[in-house]
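Chemist:
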Amino acid sequence: MQATSIPETTPQEAYRSALRRQHFKPDPAQAEAVDELTRLFHELIDWRPPPPPTLAARLLERVRSNKQTLEPIRGLYLWGSVGRGKTWLMDLFFDALPFAEKQRVHFHRFMQGVHADLARLKGRLNPLQEVASETAARCRVLCLDEMQVNDITDAMLMGGLLEALFERGVTLVTTSNIAPDGLYRSGIQRDRFTPAIALIKQHCQVLELASPTDYRLRRLEQAPVYATPLDHKAESLLADYFADMTTPEHRRHEPIIVNDRDIPTLAWGDGVVWLDFDVICQLPRSKLDYVELARLFHTLLLSNLRCLDDERSNIAHRLITLIDAVYDCNVKLMASAEAPPTQLYSGNDLAFEFQRTVSRLIEMQSHDYLAKPHLA
406 MQATSIPETT
416 PQEAYRSALR
426 RQHFKPDPAQ
436 AEAVDELTRL
446 FHELIDWRPP
456 PPPTLAARLL
466 ERVRSNKQTL
476 EPIRGLYLWG
486 SVGRGKTWLM
496 DLFFDALPFA
506 EKQRVHFHRF
516 MQGVHADLAR
526 LKGRLNPLQE
536 VASETAARCR
546 VLCLDEMQVN
556 DITDAMLMGG
566 LLEALFERGV
576 TLVTTSNIAP
586 DGLYRSGIQR
596 DRFTPAIALI
606 KQHCQVLELA
616 SPTDYRLRRL
626 EQAPVYATPL
636 DHKAESLLAD
646 YFADMTTPEH
656 RRHEPIIVND
666 RDIPTLAWGD
676 GVVWLDFDVI
686 CQLPRSKLDY
696 VELARLFHTL
706 LLSNLRCLDD
716 ERSNIAHRLI
726 TLIDAVYDCN
736 VKLMASAEAP
746 PTQLYSGNDL
756 AFEFQRTVSR
766 LIEMQSHDYL
776 AKPHLA
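Numbering (this note's numbering), first residue to last: 406 to 781.
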């Protein structure tokens, strides 16, 4: 472990600075969460590793259980409705931590990595323990965004994985739209998942971010989310949305990796991805690519959505598939388009299927849709 440097700022100081810089009003619910994150921050930077065990202690440990456990600092499970600032607050905390042994990742992406590691370690005696050891070796603090367990394979792994991580001293900080007791509520064999819930509640302070304000929705309703025609004003609107919904230090202008393939982007960061229509729909893409994209990002900015006809039916079919995927995950869509939804498709081959796309593009501009939580 590297030595901990003197912190330049605490989460509380970073929060107050952001309020001043962005002219935000203080939010009591956010302030309570920041207090808890700052408490955790100080515990983490004050922590010192225990002295190495004596030879006698190591022998006794081997006889008892063959396990060497390290009690973790109790983390935080921050949950609440969409748009309350959970991810933003966790990122303030993560960025303030003055050591390198930390990881911040979307929950779905993290579990993908776990499955890939288990496949790599196939045939080992206890691959899940090895995955936990590798994770603990690189991070004292694991920050998972948007914890939401829908997949039975993930659910069956969670208990053993969390237990192994906590035994190795990893502190968990996670955000979710759901309280721990609501995770995987209607899932198959849920009784095998309940130990994971117990571990989360044991090793994390559970705090609801009960702010009455949906900040994301308030931003989205300040301007149209579907801009037409294609002109400088429409693109400027998307640029403004991206600037409002992301922080400068988290913005990237590089490809994203989806199902082991690079997809060029205009920009991405903080759960928002900005794509050009030709890149995501003109080039060959599979339904699985669109589903994965919808699970990874809560907001999609789509530039240059063009009118289509039967000569471009392949592109129209990909657009139908893309809209279905993002709609099913409640992804927020901001688009600059050549025409309104009802005029996007003038062909006959996909006229019936495209009616659903038109209906969804219209619904996705509504208050009720924009207020829905992202389903990762």
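The beta carbon of each residue, even a glycine, is placed where N, CA and C say it ideally should be.
Computed from a prediction, not measured in an experiment: that's the story for all the values here.
Per the DSSP calculation, C548 is bridged to which residue(s)?
Modeler: For C548, which the question treats as bridged, DSSP gives the partners R509, V578.
Chemist: Kindly indicate which residue of V663, Y646, D649, W673 has the alpha-carbon position closest to the one of H655.
Modeler: It is W673.
Chemist: Locate the alpha helix (DSSP H) running through Q610, then write down its first and last residues.
Modeler: Not the alpha helix (DSSP H): Q610 falls in the beta strand (DSSP E), residues 609 to 613.
Chemist: Out of R453, F498, L588, W452, state which residue places its alpha-carbon closest to the alpha-carbon of L442.
Modeler: That would be F498, whose Cα lies nearest to the Cα of L442.
Chemist: From the DSSP output, in three-state form, read off Y750 for me.
Modeler: Here Y750 sits in strand by DSSP.
Chemist: Are L549 and F598 close, meaning C-beta to C-beta below 7 Å?
Modeler: Contact flag unset, no.
Chemist: Name the DSSP bridge partner or partners of D681?
Modeler: D681 is bridged to S708.
Chemist: Between which residues of its own chain and L533 is the CB-CB distance below 8 Å, once the five residues before and five after are set aside?
Modeler: Taken in chain order, the residues that qualify are L523, L562, G565, L566, A569.
Chemist: Quick one: give me the first and last residue of the beta strand (DSSP E) that S764 is part of.
Modeler: It is not in any beta strand (DSSP E) - S764 instead sits in the alpha helix (DSSP H) that spans 756 to 768.
Chemist: Given a threshold of 16 other Cβ atoms within 10 Å of its Cβ, counted over all protein chains shown, does L588 qualify as buried or as exposed?
Modeler: Buried.
Chemist: Apart from the five residues just before and just after Y420, which ones in its own chain have a Cβ nearer than 8 Å to its Cβ?
Modeler: Once the five neighbours on either side are set aside, the close Cβ partners of Y420 are Q435, A436, V439, L494, L497.
Chemist: In three-state terms, what does DSSP make of Y482?
Modeler: If DSSP states are grouped into helix, strand and coil, Y482 belongs with the strands.
Chemist: Excluding the 5 residues preceding and the 5 following R469 in the sequence, name in chain order all residues of the same chain whose CB lies nearer than 7 Å to its CB.
Modeler: Any answer about R469 is weak, because its pLDDT of 49 lies below 50 and its placement is not dependable; what the coordinates show is given next. Taken in chain order, the list of residues that qualify is empty.
Chemist: Take I685 as the anchor and find which of G676, L671, D675 has the nearest alpha-carbon.
Modeler: If we check each option's Cα against that of I685, L671 comes out closest.
Chemist: According to DSSP, simplified to helix, strand and coil, what is A742?
Modeler: A742 falls in the strand class under three-state DSSP.
Chemist: Let's see if you can read the secondary structure: which residues bound the alpha helix (DSSP H) around W493?
Modeler: Looking at the DSSP string, the run of the alpha helix (DSSP H) that includes W493 is 491 to 501.
Chemist: Just to confirm the assignment, what range does the alpha helix (DSSP H) spanning G592 have?
Modeler: Element bounds for G592: n/a, residue is neither H nor E.
Chemist: Alpha helix (DSSP H) containing V536: first to last residue?
Modeler: Unbroken alpha helix (DSSP H) run through V536: 532 to 543.
Chemist: By how many angstroms is the C-alpha of T579 removed from the C-alpha of L481?
Modeler: Whole-angstrom Cα-Cα distance: 6 Å.
Chemist: In three-state terms, what does DSSP make of N471?
Modeler: A caution first: N471 carries a pLDDT of 48, below 50, which makes its placement in the model too unreliable to give a value.
Chemist: Taking the alpha-carbon positions, what's the R765 to D675 distance?
Modeler: C-alpha separation (whole angstroms): 25 Å.
Chemist: Quick check: the segment 741 to 759 against the segment 711 to 720, are there 3 or more CB pairs under 8 Å?
Modeler: These segments touch.
Chemist: With H, G and I counted as helix, E and B as strand and the rest as coil, what does DSSP make of I605?
Modeler: Helix at I605.
Chemist: Got a sec? Which residues, its chain only, sit under 8 Å from N471 by beta carbon, not counting five neighbours each side?
Modeler: The pLDDT assigned to N471 is 48, lower than 50, so where the model puts this residue is not dependable; a value taken from the coordinates is nonetheless given after this. Counting only Cβ-Cβ distances below 8 Å, and skipping sequence neighbours, we find nothing.
Chemist: Please state whether DSSP places D667 in a helix, a strand or coil.
Modeler: DSSP places D667 in strand when its eight states are reduced to three.
Chemist: For A672, does the three-state DSSP call read helix, strand or coil?
Modeler: Residue state, collapsed to three classes: strand.
Chemist: DSSP on A408, reduced to helix/strand/coil?
Modeler: Per-residue confidence for A408 stands at a pLDDT of 44, beneath the threshold of 50, marking its modelled position as unreliable; no derived number is given.
Chemist: Measuring straight from C-alpha to C-alpha, what distance separates E716 and D683?
Modeler: About 15 Å.
Chemist: Would DSSP call R573 helix, strand or coil?
Modeler: Three-state DSSP puts R573 in a strand.
Chemist: Around the Cβ of I602, are there at least 16 other Cβ atoms within 10 angstroms (buried) or fewer (exposed)?
Modeler: It is buried - the Cβ of I602 has at least 16 other Cβ atoms within 10 Å.
Chemist: For E551, does the count of other Cβ atoms within 10 angstroms reach 16, so buried, or fall short, so exposed?
Modeler: Its Cβ being crowded by 16 or more others within 10 Å, E551 is buried.
Chemist: Would you identify the three-state DSSP class for L713, choosing helix, strand or coil?
Modeler: Strand, per DSSP.
Chemist: Taking Y718 as part of the alpha helix (DSSP H), name the residues at either end of that continuous run.
Modeler: Strictly speaking, residue 718 in this sequence is Ser, with Tyr absent from that position. From DSSP, the alpha helix (DSSP H) with S718 extends over 718 to 733.
Chemist: Am I right that L693 and N664 are in contact with their C-beta atoms under 8 Å? What's the rounded C-beta distance?
Modeler: Right, their Cβ atoms sit about 6 Å apart.
Chemist: Tell me, please, which residues DSSP counts as bridged to Y631.
Modeler: Per DSSP, A740.
Chemist: Which first and last residues belong to the alpha helix (DSSP H) in which R624 is found?
Modeler: Its alpha helix (DSSP H) spans residues 620 to 625.
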